[in-house]
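Each step along the sequence shown adds one to the number in the UniProt record's numbering, with nothing skipped, and position 8 is 8. Glycine included, C-beta positions come from ideal geometry on N, C-alpha and C. Note that the structure is a prediction, hence the values are computed from the model and not measured. Here the structure comes first, spelled out in structure tokens, and everything after it is commentary.
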Amino acid sequence: MNVSVAVVVYSAIVTTFVGRVVASDVVPLKENTSVIQALSSTNRLATNGYKSLPGQFLYHAYMHIRIESELSNYTRLCDGALITSNYILSVTQGCLQVGSMQTIRNGTAILAFNKNNWEQRITFSGSAINLHPYKSIGLVRLDYPATLNEHVQLIRLPKLTDSRSYEGMEGTTSNQYRSYVRNRVMSNAHCSQERPDFNATDMDICTDRYIGGAFCSTSLGSSLTIEDENGVILIGLAYRIYYCDYNYPTVYARVSSFRDWIHNNSDYKFEHCTC
Numbered sequence: 001m002n003v004s005v006a007v008v009v010y011s012a013i014v015t016t017f018v019g020r021v022v023a024s025d026v027v028p029l030k031e032n033t034s035v036i037q038a039l040s041s042t043n044r045l046a047t048n049g050y051k052s053l054p055g056q057f058l059y060h061a062y063m064h065i066r067i068e069s070e071l072s073n074y075t076r077l078c079d080g081a082l083i084t085s086n087y088i089l090s091v092t093q094g095c096l097q098v099g100s101m102q103t104i105r106n107g108t109a110i111l112a113f114n115k116n117n118w119e120q121r122i123t124f125s126g127s128a129i130n131l132h133p134y135k136s137i138g139l140v141r142l143d144y145p146a147t148l149n150e151h152v153q154l155i156r157l158p159k160l161t162d163s164r165s166y167e168g169m170e171g172t173t174s175n176q177y178r179s180y181v182r183n184r185v186m187s188n189a190h191c192s193q194e195r196p197d198f199n200a201t202d203m204d205i206c207t208d209r210y211i212g213g214a215f216c217s218t219s220l221g222s223s224l225t226i227e228d229e230n231g232v233i234l235i236g237l238a239y240r241i242y243y244c245d246y247n248y249p250t251v252y253a254r255v256s257s258f259r260d261w262i263h264n265n266s267d268y269k270f271e272h273c274t275c
């Protein structure tokens with residue numbers, strides 16, 4: 001066995017038994033001096049991402065959802081994306097969906113979160129939540145339209161004729177803490193291999209934590225976007241997140257798989273393209 005082969009075999013054994021990787025295994029995507037210190041001290045890939053710049057994620061919606069049951073009442077926190085002045089797109093699991101013994105009474109969507117006088121707090125009722133019947137995605141209809149300005153804007157969805165898988169593209173995930181990270185979009189086959197207890201389907205899209213880092217601050221409903229020659233596009237919403245101590249792929253609901261449902265259940269107007 002030559003030296004190079006021995007090194008590869010040794011690296012594979014260490015990764016298998018230790019379950020950790022070193023920082024040199026990460027392929028850096030972009031330089032940024034505003035990196036936030038990671039929460040995890042056991043995973044060298046763990047990161048809280050980069051500090052977002054003013055106006056970088058104008059579509060982000062931070063939601064407080066009031067849940068009631070016979071045993072207790074509590075508030076759930078999750079994220080979503082503003083797709084029209086009246087609708088927020090988010091996920092069901094851990095966000096818009098509750099158990100059979102629970103009820104969502106109401107909620108508040110916060111736009112331009114933590115921007116003082118520019119922050120918008122818009123209420124919605126439990127009856128204004130519409131869940132997809134088969135998959136982890138849902139819509140919230142606001143009680144009144146959001147005011148679009150330099151601090152709050154809409155996010156575009158993939159056009160009707162956009163059939164790209166986005167594999168290999170750089171995806172950006174943002175959250176309510178005004179931080180973000182960039183990871184490479186991976187194939188569904190690779191995603192399933194990296195996490196054997198999960199089978200990625202056409203309705204899923206995954207990102208590779210080995211290329212960009214394990215985002216400790218990802219929250220359910222966090223947006224996954226890509227940027228092309230026409231601007232920023234929402235391609236996924238996080239619904240399956242693993243602890244940042246591990247480097248398993250983050251799984252998102254693939255927005256392009258739900259265009260018909262979104263069209264039929266909101267006032268979003270899809271565009272055509274020659275992608």
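Where the alpha helix (DSSP H) containing residue i begins and where it ends
i: N265; result: 259-265
i: C191; result: 188-194
Reference residue i; option with closest CA among the options
i: I241; options: T161, P249, E150; result: P249
i: M203; options: S257, T147, G231, S192; result: S257
i: D260; options: G126, K159, Y144; result: K159
i: Y74; options: N188, Y268, N106; result: N106
i: F57; options: Y177, F124, D245; result: Y177
i: G55; options: N149, T42, I110, V140; result: N149
i: T201; options: I129, V255, A128, R76; result: V255
i: M63; options: R76, Y246, N264; result: R76
i: F124; options: T108, P133, Y134; result: T108
Residue burial classification, residue i (beta-carbon count within 10 angstroms, cutoff 16)
i: M101; result: exposed
i: N117; result: exposed
i: H190; result: exposed
i: D197; result: exposed
i: N175; result: buried
i: T173; result: buried
i: N188; result: buried
Proximal residues to residue i (C-beta, below 6 Å), its chain only, five neighbours per side dropped
i: Y252; result: I205, L224, G236, L237, A238
i: S136; result: V91, T92, Q93, Y239, A253
i: C95; result: C78, L220, G221
i: S69; result: M101, Q102
i: P145; result: S85, N86
i: L271; result: The sequence given here has Glu at residue 271, not Leu. Within the same chain, E271 has close Cβ partners K159.
Nonlocal neighbours in the same chain, by C-beta distance under 7 Å from residue i, ignoring five residues either side
i: G49; result: I36, S179, Y180, V181, F215, S217
i: Y243; result: none
i: K115; result: H151
i: G231; result: R156
i: A112; result: W118, E119, Q120, H151, V152
i: R195; result: Y248, P249
i: A128; result: V140, R141
Beta carbon of residue i nearer than 8 Å to that of residue j
i: L157; j: I65; result: no
i: N86; j: L131; result: no
i: I122; j: V98; result: no
i: D79; j: L234; result: no
i: A61; j: I88; result: yes
i: Y59; j: Q193; result: no
i: G126; j: T103; result: yes
i: I155; j: L82; result: yes
i: T161; j: Q120; result: no
i: T42; j: D228; result: no
Spatial neighbours of residue i in its chain, beta-carbon cut-off 8 Å, leaving aside the 5 residues before and after
i: R184; result: V27, L29, G168, M169, E170, G171, T207, D208, I211, G212
i: D267; result: T84, N86, Y87
i: Y166; result: V185, I205, I226, I235
i: N265; result: N130, L139
Segment limits, beta strand (DSSP E) that includes residue i
i: G236; result: 231-240
i: N199; result: Note, N199: premise wrong, no beta strand (DSSP E); not H, not E.
i: V251; result: 250-254
i: F113; result: First-last for F113: undefined, no H or E at that position.
i: V98; result: From DSSP, V98 is part of no beta strand (DSSP E); its letter is neither H nor E.
i: R66; result: 60-69
i: T225; result: 223-228
i: D79; result: 73-82
i: F124; result: 120-125
i: V140; result: 138-141
i: I205; result: 204-208
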